[in-house]
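Student:
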Amino acid sequence: MTTTTTTQFNALILDIEGTITSISFVKDELFPYAFENVGNYLEEHYDKPATQIIIEDLRRLSEQQSENDVAVVRIREPKQECIEDVTKNVRHWIKRDKKLTPMKALQGLIWEEAYKRGEVKGHVYPDVLPVLRILENRKIPIYIYSSGSVHAQKLLFANSVEGDMTNILYGYFDTNIGLKGESNSYLKICEQIGIRPEEVLFLTDVKAEASAAKRAGLQTKLVIRPGNAILTQEAKNTYETIQSLEEIL
Ligand SMILES: CSCCC(=O)C(=O)COP(=O)(O)O
Ligand SMILES: [Mg+2]
Numbered sequence: 001m002t003t004t005t006t007t008q009f010n011a012l013i014l015d016i017e018g019t020i021t022s023i024s025f026v027k028d029e030l031f032p033y034a035f036e037n038v039g040n041y042l043e044e045h046y047d048k049p050a051t052q053i054i055i056e057d058l059r060r061l062s063e064q065q066s067e068n069d070v071a072v073v074r075i076r077e078p079k080q081e082c083i084e085d086v087t088k089n090v091r092h093w094i095k096r097d098k099k100l101t102p103m104k105a106l107q108g109l110i111w112e113e114a115y116k117r118g119e120v121k122g123h124v125y126p127d128v129l130p131v132l133r134i135l136e137n138r139k140i141p142i143y144i145y146s147s148g149s150v151h152a153q154k155l156l157f158a159n160s161v162e163g164d165m166t167n168i169l170y171g172y173f174d175t176n177i178g179l180k181g182e183s184n185s186y187l188k189i190c191e192q193i194g195i196r197p198e199e200v201l202f203l204t205d206v207k208a209e210a211s212a213a214k215r216a217g218l219q220t221k222l223v224i225r226p227g228n229a230i231l232t233q234e235a236k237n238t239y240e241t242i243q244s245l246e247e248i249l
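Sequential numbering of the sequence shown, starting at 1, is according to my numbering.
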């Protein structure tokens, strides 16, 4: 007798860091690479339109942030001073794992160089791709929602340790849709993918993100991976936890 297994959700949204990719890869490879290379990147690509757009976004952001953070400087106009100030601010924000959209956009451009040179391969846990293939066979679309820019997300999955995974992913969302701690971000994502929130499962390592998604009506589970922050007992009492994507099948 054949048994058919059905999943209790019609779309899956995945966080990246701490969920399907190790925190260590992001914190010990990607962030240090961006920290070391932000100045060189700006020197080499300063006059490109994409770089100038990000610099102007960072200039506005720096004015706002400098009001509450003495370590953030206003970005001066001349090229060398501008590069010096952007580098100082971006390094400050990397050290504090700030999820600031224009800074994440610049990180993505810097990481593209590393992926192109083969210096970096996107980490994904071994349980991830086999489960995504099963969901694909069940016609369940898979989306990514990360604080990393969509550009950085696509680079990670196009250059992953499992090869190019982009053909199994239906779409990508970053903080341009909204911050991950805001429930409205998840409502907007569900509206864009055309699936009711209650039919969508969101997996993340961060309780505040799970809470925001739950408030929006999504199904949520917290993912435990080596090196992740320890979950409080309250979080474990509130959300189902998994240690492998196999547990959602
Ligand atoms: C897309 S790889 C870089 C991820 C990143 O910059 C980040 O801040 C991770 O945040 P997430 O929301 O995926 O936990
Ligand atoms: Mg995460």
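Just so you know, even glycine gets a beta-carbon here, dropped at the ideal spot from N, CA and C.
Start and end of the alpha helix (DSSP H) containing F157?
Tutor: Taken as a continuous stretch (DSSP letters only), the alpha helix (DSSP H) holding F157 covers V150 to A158.
Student: Can you grab the Cα-Cα spacing for the pair F31 / R76, in whole Å?
Tutor: One C-alpha to the other measures close to 25 angstroms.
Student: If you check the beta carbons only, do F157 and I140 fall under 9 angstroms apart?
Tutor: Their beta carbons are not under 9 angstroms apart, which means F157 does not touch I140 by this criterion.
Student: Short of 6 angstroms in beta carbon distance, which residues of its chain neighbour M1, apart from the five on each side in sequence? Order them along the chain.
Tutor: With a pLDDT of 49 at M1, under the threshold of 50, the modelled position of this residue cannot be trusted; read the value that follows with caution. Hits under 6 angstroms: none found.
Student: With hydrogens ignored, establish whether the beta-carbon of V128 is closer than 8 angstroms to any heavy atom of ligand 1.
Tutor: Checking every heavy atom of ligand 1 against the Cβ of V128, none is found closer than 8 angstroms.
Student: Would you mind working out which of I189, P78, G118 and T166 sits nearest D174, comparing C-alpha positions?
Tutor: Of the candidates I189, P78, G118 and T166, the one whose C-alpha sits nearest the C-alpha of D174 is I189.
Student: So, does the region 178-194 touch the region 208-225, judging by three or more C-beta pairs under 8 angstroms?
Tutor: Yes, they touch.
Student: Return the CA-CA distance between A11 and L135, expressed in angstroms with no decimal places.
Tutor: Near 9 angstroms, if we compare the C-alpha coordinates of L135 and A11.
Student: My output table needs one value for A235: the three-state DSSP class, helix, strand or coil.
Tutor: Three-state result, A235: helix.
Student: Helix, strand or coil, according to DSSP, for V38 in the structure here?
Tutor: Residue state, collapsed to three classes: helix.
Student: When DSSP labels each residue in this structure, what does F202 get in the three-state scheme?
Tutor: Here F202 sits in strand by DSSP.
Student: Determine whether the beta carbon atoms of I23 and R196 lie at a separation below 9 angstroms.
Tutor: Contact: no.
Student: Within the continuous beta strand (DSSP E) that includes Q219, where are the two ends?
Tutor: That run of the beta strand (DSSP E) goes Q219 to V223.
Student: What is the C-beta distance between H92 and V124, in whole angstroms, given that I count them as a contact (C-beta under 8 angstroms)?
Tutor: Between V124 and H92 the Cβ distance is about 29 angstroms, and since that is not below 8 angstroms, they are no contact.
Student: How would you label L249, buried or exposed, when you count the other beta carbons within 10 angstroms and need 16 or more for buried?
Tutor: Answer is exposed; the Cβ neighbour count stays below 16.
Student: With a threshold of 7 angstroms on Cβ separation, who are the neighbours of T253 within its own chain once the five nearest residues in sequence on each side are excluded?
Tutor: The structure shown does not extend to residue 253, since the chain is modelled only from 1 through 249, so no value can be given for it.
Student: Using C-beta distances below 6 angstroms, list every residue in its chain close to G114, excluding the 5 sequence neighbours before and after it, in chain order.
Tutor: A quick correction: the sequence has Ala, not Gly, at residue 114. Y33 and V120, listed in sequence order.
Student: Distance, Cα to Cα, N167 vs V131?
Tutor: Going by the C-alpha atoms only, they are around 14 angstroms apart.
Student: Taking the C-alpha atoms as reference points, what is the distance between K116 and N159?
Tutor: Taking the straight line from one Cα to the other gives about 9 angstroms.
Student: Which of the three DSSP states is assigned to I195 in this structure?
Tutor: Three-state DSSP puts I195 in coil, outside helix and strand.
Student: Give the secondary structure of G163 by DSSP, where H, G and I count as helix, E and B as strand, and everything else as coil.
Tutor: Note: G163 maps to strand in three-state DSSP.
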